[in-house]
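First residue of the sequence shown: 7, per my numbering; consecutive thereafter. Glycine residues also receive a C-beta, built at the ideal position from the N, C-alpha and C atoms.
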Amino acid sequence: VRNALVLGDWLNADTYSHWVMSGVSPENVPFGIELTYAAQAMEEMLVGFNGGIHFLLGNHEARPIRLLKFALGMSDVWALIGKRMATVLQVQMERRVRVSDYPWCILNEKFYCVHPSCYSKIAGAVARDIAEVEDMSVICGNGHLLGLSKDRSGKHWAIDCGCMCDREKIHYVSMKIRRFPRWNQGFVLIKNNHPMLFDKEMARGVLS
Numbered sequence: 007v008r009n010a011l012v013l014g015d016w017l018n019a020d021t022y023s024h025w026v027m028s029g030v031s032p033e034n035v036p037f038g039i040e041l042t043y044a045a046q047a048m049e050e051m052l053v054g055f056n057g058g059i060h061f062l063l064g065n066h067e068a069r070p071i072r073l074l075k076f077a078l079g080m081s082d083v084w085a086l087i088g089k090r091m092a093t094v095l096q097v098q099m100e101r102r103v104r105v106s107d108y109p110w111c112i113l114n115e116k117f118y119c120v121h122p123s124c125y126s127k128i129a130g131a132v133a134r135d136i137a138e139v140e141d142m143s144v145i146c147g148n149g150h151l152l153g154l155s156k157d158r159s160g161k162h163w164a165i166d167c168g169c170m171c172d173r174e175k176i177h178y179v180s181m182k183i184r185r186f187p188r189w190n191q192g193f194v195l196i197k198n199n200h201p202m203l204f205d206k207e208m209a210r211g212v213l214s
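Laid out in structure tokens, this is it:
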């Protein structure tokens with residue numbers, strides 16, 4: 007696997023959450039420290055994926071951008087991450103990493119990859135709705151669930167790609183009683199335009 011696409015929320019940006027700013031929730035990690043962690047993770051991404059790494063805008067990255075009234079964009083936020091990396095890796099990041107100010111992109115002219123503002127308790131429900139609108143297979147971020155099915159027409163894939171974070175370290179998830187299902191760790195692998203869904207156990211099985 008040479009290329010990676012992150013469907014938003016690479017950052018948490020709790021510092022700029024209105025819940026934190028109003029004192030309703032505590033801050034998980036100050037933004038400056040989070041950028042350092044993001045730089046460390048980016049270095050691992052650059053080693054693990056020797057092709058391109060692409061990032062879409064998620065609602066969490068939008069927090070500081072919105073607070074600054076859109077005077078800055080995603081590339082400005084990513085520049086702050088790059089400043090915390092070794093010089094040689096900064097060069098690699100500039101060559102191979104692409105960020106978008108949009109919450110969607112089209113992959114291989116077949117998959118509509120998106121970080122929607124809405125979500126559902128039912129895995130794949132939002133993806134099925136979007137597939138019907140766009141007349142295209144859909145891979146959704148933001149829902150934190152795993153699901154792979156077909157849309158109502160039976161023509162297109164409707165996929166929830168899960169998340170790659172530790173829910174226990176996120177205050178508004180671990181400290182509140184919620185009716186929504188537990189977040190599912192996982193990802194989607196696209197090979198020859200065929201989607202394969204992996205959870206943590208399946209990924210470990212393949213790697214071993």
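Q) Whose C-alpha, out of S180, H121, R158, is nearest the C-alpha of V139? A) R158
Q: Please list, in chain order, all residues of the same chain as N199 whose beta carbon is under 7 Å from its beta carbon, the five residues on each side excluded.
A: N114, K116
Q: Quick one: grab the DSSP three-state call for S155.
A: strand
Q.
Quick test of your reading: I71 and G79, contact by CB under 8 Å. State the CB separation rounded to the nearest angstrom.
A. 7 Å
Q) Is it right to say N9 is buried, meaning 16 or more other beta carbons lie within 10 angstroms of its own, or is it exposed? A) With fewer than 16 other Cβ atoms within 10 Å, it is exposed.
Q.
Measuring straight from C-alpha to C-alpha, what distance separates P36 and V26?
A. 11 Å
Q: Between the Cα of M208 and those of G192, I59, R102, spot the shortest distance and give me the residue it belongs to.
A: Here the closest residue by C-alpha is G192.
Q) In or out: R134 buried (at least 16 other Cβ within 10 Å) or exposed? A) buried
Q.
Rounded to the nearest angstrom, what separates T93 and R185 at their Cα positions?
A. 46 Å
Q. Going along the chain, which residues of its own chain have a beta-carbon closer than 6 Å to the beta-carbon of L154, five neighbours each way excluded?
A. I165, L203
Q | At least 3 beta-carbon pairs within less than 8 Å: the segment 37-49 vs the segment 13-21 | A | Short answer: they touch.
Q.
The beta strand (DSSP E) that contains P122, what's its start and end?
A. Unbroken run through P122: none, as it is neither H nor E.
(Q) For A164, report the span of its beta strand (DSSP E) as first-last. (A) 163-167
Q) Which term fits N148, buried or exposed, when burial requires 16 or more other beta carbons within 10 angstroms of its beta carbon? A) buried
Q) Between C111, V105, P32, which lies nearest to M180 when the distance is taken from Cα to Cα? A) A small fix is needed here, since residue 180 is Ser in this sequence, not Met. Comparing Cα-Cα distances from S180 to each of C111, V105, P32, the minimum goes to P32.
Q: Check the DSSP bridge columns for I59 and list the partner residues they point to.
A: DSSP lists A10, V103 as partners of I59.
Q: Check whether the Cβ atoms of S123 and V105 lie closer than 8 Å to each other.
A: no
(Q) I'd like the span of the beta strand (DSSP E) that includes H200, first residue to last. (A) Looking at the DSSP string, the run of the beta strand (DSSP E) that includes H200 is 200-205.
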